[in-house]
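Novice: What follows is a structure written as structure tokens; I'll ask about it next.
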Amino acid sequence: MNRFNLPVIALLLTCSCTPAESPDQHVGVNAKLKEHTQEFKKEIIQVHEKIHVAVGYGLANSMMVEAPDGLIIIDTMESKEEAQVVLGEFRKISTKPIKAIIYTHNHTDHIFGAEVFAEGNDIPVYAHETTSLFIERLVNVVKDS
Numbered sequence: 840m841n842r843f844n845l846p847v848i849a850l851l852l853t854c855s856c857t858p859a860e861s862p863d864q865h866v867g868v869n870a871k872l873k874e875h876t877q878e879f880k881k882e883i884i885q886v887h888e889k890i891h892v893a894v895g896y897g898l899a900n901s902m903m904v905e906a907p908d909g910l911i912i913i914d915t916m917e918s919k920e921e922a923q924v925v926l927g928e929f930r931k932i933s934t935k936p937i938k939a940i941i942y943t944h945n946h947t948d949h950i951f952g953a954e955v956f957a958e959g960n961d962i963p964v965y966a967h968e969t970t971s972l973f974i975e976r977l978v979n980v981v982k983d984s
């Protein structure tokens, strides 16, 4: 991953994280949070020559970093449906292969669209070492509900 601009990625990650909470708090979509999302116009914002952010497509944002050999997706939206729309918008900017996914944290609005962004490929996902534990807990809560 040394080919990518790690200082830029580190800055993006530190700006988008919040303190960890129990995954149980994020199982259902909070109506007020969903309403708050409607305040944002759906748009792709170019924040740097090779960095784009999808805003207003869901509860969280998704970012695309264009590197020489491919794309890095940071956060993958809360569902496959939102992820598909954002991927379509990102594909208007670049058709390079997606080489990696980064989760800023384990909240559902940042992780559940990963399958769409992977596009059927086995690509690495970078996350905090506890992320898989929280995702497993969350998925089990959803399955048991």
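Residue numbers for the sequence shown follow the numbering used here, so the first one is 840 and each next one is one higher.
Note that the Cβ used here is the ideal one computed from N, Cα and C, for glycine as well.
Being a predicted model, the structure only gives us computed values, none of them experimental.
Does the Cβ of Glu968 have 16 or more other Cβ atoms within 10 Å, making it buried, or fewer, making it exposed?
Specialist: In the sequence shown, residue 968 corresponds to position 129, counting from 1. That one is exposed.
Novice: With distances taken Cα to Cα, identify the nearest neighbour of Lys919 among Tyr896, Pro963, Ile962.
Specialist: On the sequence shown, residue 919 is found 80 positions in, with the first residue counted as 1. The candidate whose alpha carbon is nearest that of Lys919 is Tyr896.
Novice: How about Ile911 and Lys931: are their beta carbons less than 8 Å apart?
Specialist: Taking the first residue of the sequence shown as 1, we reach residue 911 at position 72. Taking the first residue of the sequence shown as 1, we reach residue 931 at position 92. No.
Novice: Please report how far the alpha carbon of Ile890 lies from the alpha carbon of Ser901, in whole angstroms.
Specialist: Here the question's residue 890 lines up with position 51 in the sequence shown. Here the question's residue 901 lines up with position 62 in the sequence shown. For Ile890 and Ser901, the distance between alpha carbons rounds to 11 Å.
Novice: Measure the alpha-carbon distance for Leu926 versus Val955 and round it to whole angstroms.
Specialist: Residue mapping note: residue 926 aligns to position 87 of the sequence shown, counting from 1. Residue mapping note: residue 955 aligns to position 116 of the sequence shown, counting from 1. Leu926 and Val955: Cα-Cα distance of roughly 8 Å.
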